[in-house]
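S.K.: Pasting in a structure now, in structure tokens, and then I'll have a few things to ask.
Protein chains in written order, with our numbering: chain A, 1 to 279; chain B, 1 to 309.
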């Protein structure tokens, strides 16, 4: 490879730029988490230093846990995300399999029809979605959110999964057919386990926008019972504008679960992006 | 393939079974409501019933000064929002990806992971965290500027009409720079070594190699990133709503189409919500996004040469 071109100054320069940008990317996150463990005096007196025994204080966290119904919101978010993810992956894989495995009339048209949703955001249909949910009595239910997010995630999932399913060897599937397996068994027993890595990629891509969405919870399910953690945090932050301890603690509580999940799955996510499925 | 033998079978029900759930949910929750929204924009609620009014809602939107001023303001802001993303986010993304992809760079995985962190955070967190940092109350931003001797430059950016939109665009850039970085990084990694080696044999190295060899090869990825940015920007809502509220203050200076649609549809404070006007604005957004996608598909993508290795 190009060893000769890589001189020391250039390497140092590259590291300097990357380190600077890494600092810019992480600074706000670290700042918020760091200050959430401080007393009010510590937050304002020395915002840039880590908590010392003198400034260490958990008052923010006790306020948040005492006031907001965060555990409940958290459950709602979890239910919505997991259920939508399950349906997106199951339905997406099934449709992707049908599109990549069988030749039938209208296959290309069906593929294009399902790919429309990649470019056109579902948000533009909100007016009619709300009417639909009102008419079917689903407003302020988690079902409404699950349905919307399933529809939102499907186009990209189908697109990526059918690309991957094309790579599954035909010999394997035909061997299964000769052994008398039904098409359903071939799909569930042979193909699905083989595309598991790409399913994980799709899962991460689908999950982040669902967990972080504010628009649909705000419009379809704003009631106390069905608030998601994103909406809950938004309203909580609005109410406690002057209580900096509580705000910083709430922000940290909202950051941490996502951050932990990300650190666990980042390898999967980055491999998924760089594997070329979304080039 | 067994495909040749299959058409003899009468109806292959399993294909329908495999497709049905996805097609049903997608059609019912996405396509029909989209069509329904477009249709609603041609109706108006008169005495508790929907009456077909043709293009009257659009005439109101563009003709009534109350509406048209808001719409053009939101559109102008949205265009500026998009321009900042294209000028700042994508070049930074390309630069970071080019540095990351240099061979035998240490800690590349760490940089990659760290720079992508803001992208996974929700708008609520991002909006609020930056609001706190830029707040003159807390003093983090002036303090930092003071360290480099630029304290005099500080003003409460989010509170000033002339800076607020740019500040928010840059916050959004901060959040999403990871996406162009990753996609370009992937494209750079897929350039085969032979091409690079051939370039080096011809004496093209360093910056010249990037501009003359690598950049033309990653242009298709830059095209995709541009259209993703376009769709994302003209559909944005959450960040503005979180940081500045539905009124997109100060004095509507950060109002973009998403917040404009929200206020028209739901109403806010003195304004009464009007689903039909909301639908008309959504239709305009649909046309803008569709226009962008068409420009990309028919003008840009067909002209970009794709290299097959």
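Positions of the beta carbon are idealized from the N, C-alpha and C atoms, including for glycine.
#1: With which residues is residue 46 of chain B paired in a DSSP beta bridge?
#2: So who's on the other strand from residue 267 of chain B, going by DSSP bridges?
#3: Counting only Cβ pairs nearer than 8 Å, list the residues of chain B close to residue 109 of chain A.
#4: Does any C-beta atom of chain B lie closer than 7 Å to the C-beta of residue 154 of chain A?
#5: Leaving out five residues on either side along the sequence, give the residues of the same chain with a beta carbon under 7 Å from the beta carbon of residue 259 of chain A.
#6: Would you kindly work out how many angstroms separate the C-alpha atoms of residue 25 of chain A and residue 274 of chain B, rounded to a whole number?
#7: Apart from the five residues on each side of it in sequence, which residues of its chain come closer than 7 Å, Cβ to Cβ, to residue 154 of chain B?
#8: Using a Cβ cut-off of 7 Å (strictly closer), state whether residue 42 of chain A contacts chain B.
#9: State buried or exposed for residue 179 of chain A, treating a residue as buried only when at least 16 other CB atoms are found within 10 Å of its CB.
#10: Do you know how far the Cα of residue 156 of chain A is from the Cα of residue 258 of chain B?
#11: Among B:233, B:17, B:220, B:210, which residue has its Cα nearest to the Cα of residue 89 of chain B?
#12: CB residue 125 of chain B to CB residue 249 of chain A, shorter than 7 Å?
#13: Assign residue 188 of chain A to one of three DSSP states: helix, strand, or coil.
#14: Tell me, please, whether the CB atom of residue 14 of chain B is closer than 7 Å to any CB atom in chain A?
#15: Taking only the alpha-carbon atoms, compute the straight-line gap between residue 244 of chain B and residue 254 of chain B and give it to the nearest angstrom.
#16: I need the DSSP call for residue 56 of chain A, collapsed to helix, strand or coil.
#17: Roughly how many angstroms lie between the CA atoms of residue 41 of chain B and residue 30 of chain A, to the nearest whole one?
#18: My output table needs one value for residue 160 of chain B: the three-state DSSP class, helix, strand or coil.
#19: Bridge partners of residue 38 of chain A, per DSSP?
#20: Can you give the Cα-Cα distance for residue 34 of chain B and residue 101 of chain A, rounded to whole angstroms?
#21: Is DSSP giving residue 140 of chain A helix, strand or coil here?
#22: Are any of the Cβ atoms in chain B nearer than 7 Å to that of residue 7 of chain A?
#23: Ignoring anything shorter than 4 residues or poking outside the stretch 223 to 263 of chain A, list the alpha helix (DSSP H) runs there in chain order.
#24: Would you call residue 110 of chain A buried or exposed, if buried means 16 or more other Cβ atoms sit within 10 Å of its Cβ?
#25: Name the chain B residues whose beta carbon is nearer than 9 Å to that of residue 55 of chain A?
#26: Look up residue 73 of chain A in the DSSP assignment and say whether it is helix, strand or coil.
#27: Helix, strand or coil: which one does DSSP assign to residue 148 of chain B?
#28: With respect to the alpha helix (DSSP H) encompassing residue 170 of chain A, which residues constitute its N-terminal and C-terminal limits?
#29: Using a threshold of 7 Å, state whether the C-beta atoms of residue 111 of chain B and residue 22 of chain A are closer than that.
#30: Is the stretch 87 to 103 of chain B touching the stretch 178 to 196 of chain B, taking contact as three or more C-beta pairs under 8 Å?
#31: Short of 7 Å Cβ to Cβ, which residues in the stretch 53 to 70 of chain B face chain A?
#32: Please confirm whether residue 78 of chain B has its beta-carbon closer than 7 Å to some beta-carbon of chain A.
#33: Do three or more CB pairs link the stretch 33 to 42 of chain A to the stretch 238 to 248 of chain A at distances below 8 Å?
#34: Is the CB-CB distance between residue 174 of chain B and residue 167 of chain B below 7 Å?
#35: What did DSSP end up calling residue 84 of chain A once you bin it into helix, strand or coil?
#36: For the candidate residues B:220, B:291, B:262, whose alpha-carbon lies nearest to that of residue 240 of chain B?
M.R.: From the atom records:
#1: Here residue 46 of chain B refers to the residue found at position 46 when the second chain is read from its first residue. DSSP output for residue 46 of chain B lists B:49 as bridge partner(s).
#2: Translated into the one-based positions of the second chain, residue 267 of chain B becomes position 267. According to DSSP, residue 267 of chain B bridges with B:272.
#3: Taking the first residue of the first chain as 1, we reach residue 109 of chain A at position 109. What residue 109 of chain A touches in chain B: nothing, since even the nearest Cβ is about 12 Å away.
#4: In the first chain, residue 154 of chain A corresponds to position 154, counting from 1. Yes, residue 154 of chain A lies at the interface with chain B (some Cβ there is under 7 Å from its Cβ).
#5: Residue 259 of chain A sits at position 259 when you count from the first residue of the first chain. Result list for residue 259 of chain A: empty, nothing under 7 Å.
#6: As a working note, residue 25 of chain A is residue 25 in the first chain. As a working note, residue 274 of chain B is residue 274 in the second chain. Roughly 40 Å separates the two Cα atoms.
#7: Numbered from its first residue, the second chain carries residue 154 of chain B at position 154. 141, 142, 145, listed in sequence order.
#8: Against the first chain, residue 42 of chain A aligns to sequence position 42. So, not an interface residue.
#9: Numbered from 1 along the first chain, position 179 holds the residue referred to as residue 179 of chain A. Burial call: exposed.
#10: Taking the second chain and counting its residues from 1, one reaches residue 258 of chain B at position 258. Taking the first chain and counting its residues from 1, one reaches residue 156 of chain A at position 156. Their backbone Cα atoms lie some 22 Å apart in a straight line.
#11: What you label residue 89 of chain B is simply residue 89 of the second chain in a count that begins at 1. Nearest option by C-alpha distance: B:233.
#12: Translated into positions along the second chain, residue 125 of chain B becomes position 125. Translated into positions along the first chain, residue 249 of chain A becomes position 249. Cβ distance not < 7 Å, so residue 125 of chain B and residue 249 of chain A don't count as in contact.
#13: Along the first chain, one-based indexing puts residue 188 of chain A at 188. Three-state DSSP puts residue 188 of chain A in a helix.
#14: Counted from its first residue, the second chain places residue 14 of chain B at position 14. Chain A contact via Cβ: present.
#15: Taking the first residue of the second chain as 1, we reach residue 244 of chain B at position 244. Taking the first residue of the second chain as 1, we reach residue 254 of chain B at position 254. Those two C-alpha atoms are separated by around 8 Å.
#16: As a position in the first chain, residue 56 of chain A is number 56, starting the count at 1. The answer is strand: DSSP assigns residue 56 of chain A an E or B state.
#17: The residue given as residue 41 of chain B occupies position 41 in the second chain. The residue given as residue 30 of chain A occupies position 30 in the first chain. Using only the alpha carbons, I get a separation of about 46 Å.
#18: Stepping through the second chain from its first residue, residue 160 of chain B is reached at position 160. Reduced to three states, the DSSP call for residue 160 of chain B is coil.
#19: Your numbering for residue 38 of chain A matches position 38 in the first chain. Per DSSP, A:56.
#20: As a first step, residue 34 of chain B must be located in the second chain, where it is residue number 34. As a first step, residue 101 of chain A must be located in the first chain, where it is residue number 101. When rounded, the distance between both Cα atoms is 30 Å.
#21: Stepping through the first chain from its first residue, residue 140 of chain A is reached at position 140. In this structure, residue 140 of chain A counts as coil in the three-state DSSP scheme.
#22: In the first chain, residue 7 of chain A corresponds to position 7, counting from 1. By this cut-off, residue 7 of chain A is not an interface position.
#23: 229 to 239
#24: Counting from one through the first chain, the residue named residue 110 of chain A turns up at place 110. Buried, by the Cβ-count rule.
#25: By one-based count along the first chain, residue 55 of chain A stands at place 55. Correct list: empty, because the minimum Cβ distance to chain B is about 15 Å.
#26: Stepping through the first chain from its first residue, residue 73 of chain A is reached at position 73. Here residue 73 of chain A sits in helix by DSSP.
#27: Working through the second chain from its first residue, we reach residue 148 of chain B at position 148. Looking at residue 148 of chain B - three-state DSSP - the assignment turns out to be coil, as it is neither helix nor strand.
#28: The residue you call residue 170 of chain A lines up with position 170 of the first chain. Run containing residue 170 of chain A: 170 to 178, per the alpha helix (DSSP H) assignment.
#29: Stepping through the second chain from its first residue, residue 111 of chain B is reached at position 111. Stepping through the first chain from its first residue, residue 22 of chain A is reached at position 22. Against a cut-off of 7 Å, the Cβ pair of residue 22 of chain A and residue 111 of chain B comes out as a contact.
#30: yes
#31: none
#32: Taking the second chain and counting its residues from 1, the one referred to as residue 78 of chain B is at position 78. Answer no: the Cβ-Cβ gap between residue 78 of chain B and chain A never drops below 7 Å.
#33: yes
#34: Within the second chain, residue 174 of chain B is the residue found at index 174, counting from 1. Within the second chain, residue 167 of chain B is the residue found at index 167, counting from 1. Cβ atoms of residue 174 of chain B and residue 167 of chain B: not closer than 7 Å.
#35: Sequence index remark: in the first chain, residue 84 of chain A carries index 84 (1-based). The answer is helix: DSSP assigns residue 84 of chain A an H, G or I state.
#36: What you label residue 240 of chain B is simply residue 240 of the second chain in a count that begins at 1. Comparing Cα positions, the closest option is B:262.
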